[in-house]
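All letters in the sequence shown, in the order written, are residues 82 to 516 by our numbering.
Backbone N, C-alpha and C define an ideal beta-carbon position, used for all residues, glycine too.
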Amino acid sequence: MKILVVGNGGREHALAWCLAQSARVNTVFVAPGNAGTATTPKLENVDYQHVSQLISFCRQQAIDFTVVGPEAPLAAGIVDDFRAAGLAIFGPDRYCAQLESSKDFAKQFMRQHNIPTAAATTFDDAAAAHDYIQQHSLPVVIKADGLAAGKGVVVAQTHQEAHQAIDDMLLDQQLGQAGARVVIEDFLVGEEASFIVMVDGQHVLPLATSQDHKRLLDHDQGPNTGGMGAYSPAPVVTPAVHQRVLEQIILPAVRGMQASGHPYTGFLYAGLMIDDQGQPYTIEFNCRLGDPETQAILSRLDSDLAGLIQAALAGRLDQVAAQWQPQTAVAVVLAAKGYPQAVQSGDPIQGLDAARQQAHVFQAATLLNQQGQTITNGGRVLSVVGLGNDVASARQQAYQALENIRFAGMQYRQDIGHKALSAEVADKAATTDKA
Ligand code: AMP
Ligand code: GLY
82 MKILVVGNGG
92 REHALAWCLA
102 QSARVNTVFV
112 APGNAGTATT
122 PKLENVDYQH
132 VSQLISFCRQ
142 QAIDFTVVGP
152 EAPLAAGIVD
162 DFRAAGLAIF
172 GPDRYCAQLE
182 SSKDFAKQFM
192 RQHNIPTAAA
202 TTFDDAAAAH
212 DYIQQHSLPV
222 VIKADGLAAG
232 KGVVVAQTHQ
242 EAHQAIDDML
252 LDQQLGQAGA
262 RVVIEDFLVG
272 EEASFIVMVD
282 GQHVLPLATS
292 QDHKRLLDHD
302 QGPNTGGMGA
312 YSPAPVVTPA
322 VHQRVLEQII
332 LPAVRGMQAS
342 GHPYTGFLYA
352 GLMIDDQGQP
362 YTIEFNCRLG
372 DPETQAILSR
382 LDSDLAGLIQ
392 AALAGRLDQV
402 AAQWQPQTAV
412 AVVLAAKGYP
422 QAVQSGDPIQ
432 GLDAARQQAH
442 VFQAATLLNQ
452 QGQTITNGGR
462 VLSVVGLGND
472 VASARQQAYQ
482 ALENIRFAGM
492 QYRQDIGHKA
502 LSAEVADKAA
512 TTDKA
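And the structure:
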């Protein structure tokens with residue numbers, strides 16, 4: 082079998098690596114890929130400028146199916162284009178991808194289908210937004226309607242911050258078209274988790290749960306990022322919470338899309354806030370896998386991912402199951418100097434081979450230079466995934482392995498998995514108390 086993965090991040094390296102584990106898979110092409118996908122056995126990079134070139138490539142190579150990693154090509158309609166060309170592709174079409182590409186669309190959809198989420202109002206007029214903010218309790222959340230690569234959300238602690246965010250987006254157009262409309266929503270309290278499922282239009286196959294670490298610095302301080310680390314499973318998603326997420330969020334979303342005449346296919350990611358009663362609320366929908374959640378989740382997958390995707394493409398997800406290693410996975414992101422603002426690129430990376438002896442290393446913003454050396458090429462450079470019988474040992478493996486890696490200005494969080502670790506410690510203490 083030959084498969085094409087679209088994207089160039091750590092998520093796509095993990096996806097391609099995981100697909101390549103199957104004995105039935107000969108080659109996984111990655112477009113455009115990175116230095117990691119260029120050097121992993123059975124993986125091969127493909128350069129492209131336009132989707133039409135990928136379509137020709139798939140025809141020439143007789144690619145069995147394509148999987149799309151990032152949201153931008155999905156929002157631009159890559160799935161519609163491939164389908165029109167008669168090619169198999171796993172992802173949502175452009176209509177369904179609006180669940181991620183327009184916060185206003187997602188809010189209306191959630192209201193229509195009674196999916197629990199924060200109350201929100203949409204504005205394109207700055208004066209009206211300012212008036213509304215003045216009456217609103219704090220904190221208040223201001224979100225750019227469109228795709229803003231993780232920069233479109235401001236959790237304002239003061240009215241002044243909220244007014245500033247509105248001016249930045251609506252008046253100064255700092256996020257361009259993405260910020261030409263804003264959604265202002267209530268602040269939700271609780272613990273976050275990422276709940277990702279595969280959807281075949283009708284049936285749903287949940288993947289293992291996970292938790293992301295969005296802030297740059299330890300103890301959830303500093304600016305929001307694309308994600309600085311993740312672990313799987315997320316203990317906050319108890320079996321009861323899992324059931325509620327499926328019944329109240331995922332299944333209504335899938336049925337809602339079916340009813341609209343646009344059945345959802347692909348990975349569907351619900352970003353959750355779970356309150357202290359175990360009630361989940363939808364912070365956002367993404368129409369793809371998470372990054373770095375994927376690196377943690379797929380490190381635990383025992384089933385053949387290519388087979389699961391084939392089942393989804395055939396509308397048979399109800400007939401398959403995914404097997405997960407009981408071990409915990411902890412993924413730590415190594416980011417470049419300056420991330421998430423202006424990043425420094427072009428620095429040689431040392432110690433990758435030594436780190437790979439001890440843990441999974443998935444590359445993201447990396448490039449092979451003319452000497453064949455791996456150099457940094459953007460914000461989130463690598464992620465290192467440790468596996469262990471508990472969070473503490475998975476963390477230890479990840480952090481020990483990453484000690485081998487060096488590049489100028491490398492930054493990473495020391496506390497990935499801390500919430501699960503405290504849950505684990507509390508659990509052990511409770512067990513000891515009972516004993
Ligand atoms: P998003 O890009 O929508 O996932 O938002 C980025 C981050 O902002 C989330 O991971 C949350 O930490 C925070 N956030 C977004 N919306 C809310 C909300 N309504 N209440 C509390 N925190 C939020
Ligand atoms: N890690 C968050 C995301 O992929 O959206």
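- Task: List the residues that DSSP assigns as beta-bridge partners of Q444.
- Result: L463
- Message: Going by DSSP in three states, Y213 sits in which element: helix, strand or coil?
- Response: helix
- For the alpha helix (DSSP H) holding K184, just list the boundary residues, first then last. 184-193
- Item | Heavy atom of the ligand GLY within 7 Å of D293 beta-carbon | It does: the Cβ of D293 is within 7 Å (strictly closer) of some heavy atom of the ligand GLY.
- Member of D434, M279, P421 whose CA lies at the smallest distance from the CA of G371: M279
- Look up G91 in the DSSP assignment and say whether it is helix, strand or coil. helix
- Message: Taking 7 Å as the limit between beta carbons, can you name the residues of its chain near V442, skipping five residues before and five after?
- Response: L433, A436, L463, V465
- Item | Contiguous beta strand (DSSP E) assignments of at least 3 residues, all confined to the region 245-283 | You should have 263-267, 272-281.
- Message: Short of 6 Å in beta carbon distance, which residues of its chain neighbour L353, apart from the five on each side in sequence? Order them along the chain.
- Response: A274, F276, P361
- Item | Length of the line joining the Cα atoms of A516 and F268 | With a pLDDT of only 41 at A516, under the threshold of 50, the placement of this residue in the model should not be trusted; the figure read from the coordinates follows. Answer to the nearest angstrom: the Cα atoms are 40 Å apart.
- Query: Got a sec: does the ligand ZN put a non-hydrogen atom nearer than 7 Å to the Cβ of E266?
  - Reply: Absent from the structure shown: the ligand ZN. Ligands present: the ligand AMP and the ligand GLY.
- Task: Classify E328 as helix, strand or coil using the three-state DSSP reduction.
- Result: helix
- Task: Using beta-carbon positions only, say whether L483 and V413 come within less than 8 Å of one another.
- Result: yes
- On the three-state DSSP scale, how would you describe K515? Residue placement at K515 cannot be trusted, given a pLDDT of 45 that sits under 50; what the coordinates show is reported in the next sentence. The answer is helix: DSSP assigns K515 an H, G or I state.
- Item | DSSP three-state assignment for D293, whether helix, strand or coil | strand
- Does DSSP classify F138 as helix, strand or coil? helix
- Task: Sort out for me which residues DSSP pairs K517 with in a bridge.
- Result: Nothing can be reported for residue 517, as the shown portion of the chain is limited to 82 through 516.
- Selection from F171, Q358, I378, I144 that minimises the alpha carbon distance to Y345: F171
- Message: I'd like to know if the region 113-121 and the region 471-481 are in contact, where contact means that at least 3 CB-CB pairs between them fall below 8 Å.
- Response: They do not touch, by the three-pair rule.
- Task: Could you check how far apart the C-beta atoms of W98 and T120 are, in whole angstroms? I think they sit under 8 Å.
- Result: The pair is not a contact, with the Cβ atoms about 11 Å apart (cut-off 8 Å).
- Check E242 in the structure and name its three-state DSSP category. The three-state reading of DSSP puts E242 in helix, counting H, G and I together.
- Can you tell me where the alpha helix (DSSP H) with P154 in it begins and where it stops? For P154, the enclosing alpha helix (DSSP H) begins and ends at 152-156.
- Relative to the ligand GLY, is the shortest distance from any of its heavy atoms to the C-beta of E484 smaller than 7 Å? No, the beta carbon of E484 sits no closer than 7 Å to any heavy atom of the ligand GLY.
- Item | N367 Cβ short of 7 Å to the ligand GLY heavy atom set | yes
- Query: So does the region 204-224 actually touch the region 243-263, counting three or more Cβ pairs closer than 8 Å?
  - Reply: Result yes; three or more Cβ-Cβ pairs closer than 8 Å.
- Provide the residue span of the alpha helix (DSSP H) that contains L286, from first to last. Run containing L286: none in the alpha helix (DSSP H); it sits in the beta strand (DSSP E), 285-287.
- Span separating the alpha-carbon of S137 from that of G467: Within the model, the alpha-carbon separation for S137 versus G467 is close to 39 Å.
- Task: Spell out whether any CB of chain D is found under 8 Å from the CB atom of D267.
- Result: Reference to chain D is not applicable here, since this structure consists of a single protein chain.
- Would you identify the three-state DSSP class for G388, choosing helix, strand or coil? helix
- Message: For a test of your reading of the model: does the CB of I196 fall under 7 Å from any non-hydrogen atom of the ligand AMP? Yes or no.
- Response: no
- Query: If Q408 and A475 are in contact, beta carbons under 8 Å, what's the gap, nearest whole angstrom?
  - Reply: 7 Å
- Message: Can you determine whether any heavy atom of the ligand AMP sits closer than 7 Å to the C-beta of L269, and answer yes or no?
- Response: yes
- Query: When we look at the beta-carbon of E328 and count the other beta-carbons within 10 Å, is it buried (16 or more) or exposed?
  - Reply: E328 is classed as exposed because its beta carbon has fewer than 16 other beta carbons within 10 Å across all chains shown.
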